[in-house]
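Visitor:
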Amino acid sequence: MRGPKKHLKRLAAPKHWMLDKLGGVFAVRPNPGPHKLRESLPLSLFLRNRLKYALNYTEAKKILTQRVVRVDGKVRTCHKFPTGFMDVVAIDRTNEYFRMLYDTKGRYVVHRIQAAEADFKLCKVKSVRTVIKGVPVLTTTDGRTIRYPDPHVKVNDTIVFNINTQKITDFVKFEPG
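Shown next as structure tokens:
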């Protein structure tokens with residue numbers, strides 16, 4: 029076998045997707061992106077299974093090709109794009125905003141939010157380092173690389189990230205209690 033796997037059987041799909049066993053043979057395999065396969069939900073499943081905006085896979089793809097779905101402020105047309113924890117999904121036609129959260133059993137819940145709350149997201153800091161010419165850089169769990177952060181931000185802290193300006197507005201220290 030050469031290259032990455034391109035298929036995913038329904039029974040091998042993550043359990044938190046909550047796919048039924050007899051709904052077909054295959055499931056949508058998410059593309060590589062900001063979230064891992066086991067920690068994400070493809071956009072087509074988001075539209076079809078969670079929001080019930082599409083009756084089937086083909087309808088979900090057609091909705092996405094109309095360029096009306098934005099994930100974290102960016103238009104996404106790929107039906108396999110992985111949405112993950114704390115992602116803000118906006119649907120322009122209906123002026124609805126959703127945030128991906130976990131429930132108590134570790135399954136994804138689509139939480140409806142207001143337009144004002146859709147401007148920011150919370151990101152966990154994965155690493156802090158300096159690159160060429162001594163520029164400080166931090167990396168978050170959703171794959172973002174942010175230059176010149178606040179020098180007090182350390183690994184495992186949580187940052188409040190403004191989606192519109194692409195800047196850190198605030199941060200919360202990781203400490204007991």
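Position 72 of the sequence shown, counted from 1, bears residue number 100 in the numbering used here, the numbering being contiguous throughout.
In this text, a Cβ means the ideal position worked out from N, Cα and C, and glycines have one as well.
None of these values were measured; they are calculated from a predicted model.
1) Exposed or buried, ASP100, counting other C-beta atoms within 10 Å across all chains shown (16 or more means buried)?
2) By the 10 Å Cβ neighbour count, where 16 or more other Cβ atoms means buried, how is ASP131 classified, buried or exposed?
3) Whose C-alpha, out of PRO32, GLU145 and LYS133, is nearest the C-alpha of ASN192?
4) State the DSSP-derived secondary structure class of ILE191, mapped to helix, strand or coil.
5) Give every residue of the same chain whose Cβ lies closer than 7 Å to the Cβ of TYR136, excluding the five residues on either side of it in the sequence, and list them in chain order.
6) Tell me whether PHE74 sits in a helix, a strand or coil according to DSSP, three-state version.
7) TYR176: which of CYS106, GLU67, VAL156 and ALA40 sits nearest, CA to CA?
8) Would a C-beta distance cut-off of 8 Å place SER72 and TYR81 closer than the cut-off?
9) CB ARG38 to CB PHE54, shorter than 8 Å?
10) Are there 16 or more other CB atoms within 10 angstroms of the CB of ALA40, so buried, or fewer, so exposed?
11) Cβ of VAL165 within 8 Å of Cβ of VAL159?
12) Which two residues bound the contiguous beta strand (DSSP E) that contains TYR125?
13) With H, G and I counted as helix, E and B as strand and the rest as coil, what does DSSP make of ARG175?
14) Check whether the Cβ atoms of LEU79 and VAL138 sit closer than 8 Å, and answer yes or no.
15) Which full runs of the alpha helix (DSSP H) of 4+ residues lie inside the region 83–157, going along the chain?
16) Which of the three DSSP states, helix, strand or coil, is assigned to LEU166?
17) Which residue's Cα is closest to the Cα of VAL170: VAL56, LEU150, HIS180 and VAL163?
Guide: Result, derived from the coordinates:
1) Looking at its Cβ environment, which holds 16 or more other Cβ atoms inside 10 Å, ASP100 is buried.
2) exposed
3) For the options PRO32, GLU145 and LYS133, the alpha carbon positioned closest to that of ASN192 is the one of GLU145.
4) coil
5) HIS44, LEU69, MET128 and TYR130
6) For PHE74, the three-state secondary structure derived from DSSP is helix.
7) VAL156
8) The answer is no: Cβ separation not under 8 Å.
9) Against a cut-off of 8 Å, the Cβ pair of PHE54 and ARG38 comes out as a contact.
10) Looking at its Cβ environment, which holds fewer than 16 other Cβ atoms inside 10 Å, ALA40 is exposed.
11) yes
12) 124–130
13) strand
14) yes
15) Runs of the alpha helix (DSSP H) inside the region 83–157: 85–93.
16) strand
17) Inspection of the sequence shows that residue 170 is occupied by Asp rather than by Val. Comparing Cα positions, the closest option is LEU150.
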